[in-house]
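So the number in my numbering is just where the residue sits in the sequence shown, counting from 1, plus 66.
Idealized CB from N, CA, C, for every residue including glycine.
It should be emphasised that the depicted structure is a prediction, and the values quoted were computed from it without experimental measurement.
A short write-up of the structure that comes next.
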Amino acid sequence: MFRHYPCRSGVSQVRGDIKTVFEKWRFSTGGPVQSSPSVEDIDNDGKMEVVFGSWDCKIYAVNHDGRLQWVYQTEDHVLSSPAIRDVDNDGKMEIICGSDDGHVYCLNGKDGKLLWKYSIGSVVSSPAVYDVDNDGEMEVFVGSHDGTVYALCGEDGAVLWQFCTPGAIGSSPALADLNGDGQLDVVIGSHNHVYALDALEGWIVMKMKGCDDTFTSSPAVGDINGDGAPEIVIGSDTAVYVITRKGKVLWTVPADGNYHSSPAIADIDQNGDIEVIIGSENKVCAFNGEDGSILWEVETQGLILSSPAVADIDGDGDYDAVVGSNDTFLYAVDGSGTVLWIFGTGADIESSPAVADIDGDGFAEIVVGSNDSRVYVLDSDVSATHSVRIAGILGGFLLGILLLGFIVLKKTL
C-alpha cells in the first residue's frame, strides 16, 4: 500500500544492509513509472512480487527476480499506487488500483484477471484499504478529481457512501482513529480543505480550511508532539501543515515552492521525538514535530514530487530516508541529514520508493519507478546484475562527479 500503512506514515520496519548501493535488477515498461510500487506475496507462493502502474496504461506484477508475472491493460495512464489486500476474505490477495480512465480496478493477485471495476469518471487517487467495520471483508477508499471521496465494498465494488467536496481531490486518503471513538476515520486533502470523515458512514468528523491552498499531498497521521493524541501532517502548494484532531493548525512552515510530496513521520534522529520528513521544491527537509523548527535540509537539483520512505536501510539500527528527485537521482539520507549515497536513473523520479525484503534474504531492498519507463530494485549485493557504484561519502559530505555534472547538497546545522 502507498506509504506502507493506512495512516500513511511512510515508515517501514524492515532492515537493510545497503551501505553501498547497487542495481539488483530493472524492469522496463512502455511509459514513465510514476506509480509507487507495492510489494507483497500476491500468489501465496512464499515469494514477494512488485506491483505498480505505468503511463503505458498497464498495471504490472513482477516476480522477486524481475520476471513479469502478469500485466493488466487499462484505458489510460496508471499513476495510482496499488493496494494489495485480501479484500473478500477468501485467503487470496487482490490488487486495488485506480487509473486515469476513471475506474477503480480489483484484480486477482495470482493471474491479474479482473474481479470488478467501478467507474468514477475522473482521475483516481491511490486507494486505502481496510476492514473498518470488522466484518471480515475490506472496504476501499479513494479520492477523485471530480471532488468526491468514495467508499466501496471490497468484495464487489458497490458504493457504500460518497462525500462531495467543492474542488478536485489529488490527495490519497489515510485511515486513522482521529476522534478517539474506536472507529477509523478517512483523512484526505482537497482544494483549500482537509477533511476527516467517519469511515463507516462518511459524515464529517473534522474540517480545516487552509486559506486558498490546494492539498495534493497525501496526509500522514500520528502523535507528532507527544500529547497522546493524533495529528494530521499534510503538504500544500504553499506550506506544510500540522493539524490537531479538532481542526486547529498546530504549526505551519511556508514552502519555497510547494509541498506536493507526502510527508513521512518518524523519530529519524533517535532523540525520542517525532520528526516530519518531506520533499519540497528542490530539497528534502526534516522538521521538529513539536514546533516545526527545521532540523536539516538536503538540496537536490530538481523538484521533489516523490515522497520519502523511512527505514533502517544500512543496518546500523537508525532510521534513514530515501526519496527521488526530478534531477533523475534517488537520495538516501541518514537521521542527521548526511547523504549516504545517490543512485542515478535515466529520467526524473516522481515515484515514491518502497522498502521491503523482496528476495527473502532477511535484508530489505529498495524499489522505485522512474520516468525512464523502468522500475529499479536496489541492493548491496556486489554480485547483482548491472552492479554500479554511484557515489561515495567523503567526510560526511557527498562528492559525486557524475556524467551529468555536479550534484550540490547542503545540510543546515
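Nearest-angstrom beta carbon gap, residue j and residue i [assumed within contact, 8 Å]
| i | j | result |
| --- | --- | --- |
| LEU406 | ASP380 | 6 Å |
| THR231 | HIS259 | 6 Å |
| VAL364 | VAL77 | No, VAL364 and VAL77 are not in contact; Cβ-Cβ is about 19 Å, not under 8 Å. |
| SER147 | ALA330 | No, SER147 and ALA330 are not in contact; Cβ-Cβ is about 15 Å, not under 8 Å. |
| THR366 | ASP386 | Between ASP386 and THR366 the Cβ distance is about 16 Å, and since that is not below 8 Å, they are no contact. |
| LEU316 | GLU297 | 6 Å |
For residue i, the three-state DSSP class (helix, strand or coil)
| i | result |
| --- | --- |
| TYR385 | coil |
| HIS211 | coil |
| HIS452 | Only weak support exists for where HIS452 lies, its pLDDT of 41 falling under 50; the coordinates are left without a value. |
| ALA413 | coil |
| THR280 | strand |
| GLN135 | strand |
| GLU431 | strand |
| LYS85 | coil |
| HIS257 | strand |
| LEU250 | coil |
| VAL80 | strand |
| ASP152 | coil |
| ASP293 | coil |
| SER104 | strand |
| VAL144 | coil |
| LEU369 | coil |
| GLY390 | strand |
| ALA224 | coil |
| GLY426 | coil |
| PRO99 | The question names Pro, yet the displayed sequence has Val at residue 99. DSSP places VAL99 in coil when its eight states are reduced to three. |
| ASP378 | strand |
DSSP beta-bridge partners of residue i
| i | result |
| --- | --- |
| TRP91 | VAL443 |
| CYS33 | There is simply no residue 33 to check, as the chain begins at 67 and stops at 479 in what is shown. |
| CYS230 | THR214 |
| TRP407 | ALA398 |
| MET272 | ALA262 |
| GLU267 | In the DSSP output, where bridge partners are listed per residue, GLU267 has none listed. |
| ASN129 | GLU115 |
| LEU241 | VAL252 |
| GLY288 | GLU297 |
Sub-8 Å separation of residue i and residue j beta-carbons
| i | j | result |
| --- | --- | --- |
| SER192 | SER238 | yes |
| ALA286 | SER328 | yes |
| ASP333 | ASN354 | no |
| GLY220 | GLU205 | yes |
| GLY529 | CYS163 | Outside the modelled stretch of the chain, which goes from 67 to 479, sits residue 529, for which no answer is possible. |
| SER372 | ILE415 | yes |
| ASP166 | LEU180 | no |
| ASP425 | HIS130 | yes |
| ASN437 | ALA413 | yes |
| ALA127 | GLN139 | no |
| GLY368 | SER346 | no |
| VAL441 | PHE229 | no |
| PHE483 | ARG81 | Since the first and last residues shown for the chain are 67 and 479, residue 483 lies out of range. |
Tell me the start and end of each unbroken beta strand (DSSP E) in the region 154–198 that is at least 3 residues and wholly inside, in chain order.
-> 160–164, 169–174, 180–185, 194–196
Run through the region 296–362 for me and flag every whole beta strand (DSSP E) of 3 or more residues, listed as ranges in chain order.
-> 297–301, 305–310, 315–320, 330–332, 341–345, 349–354
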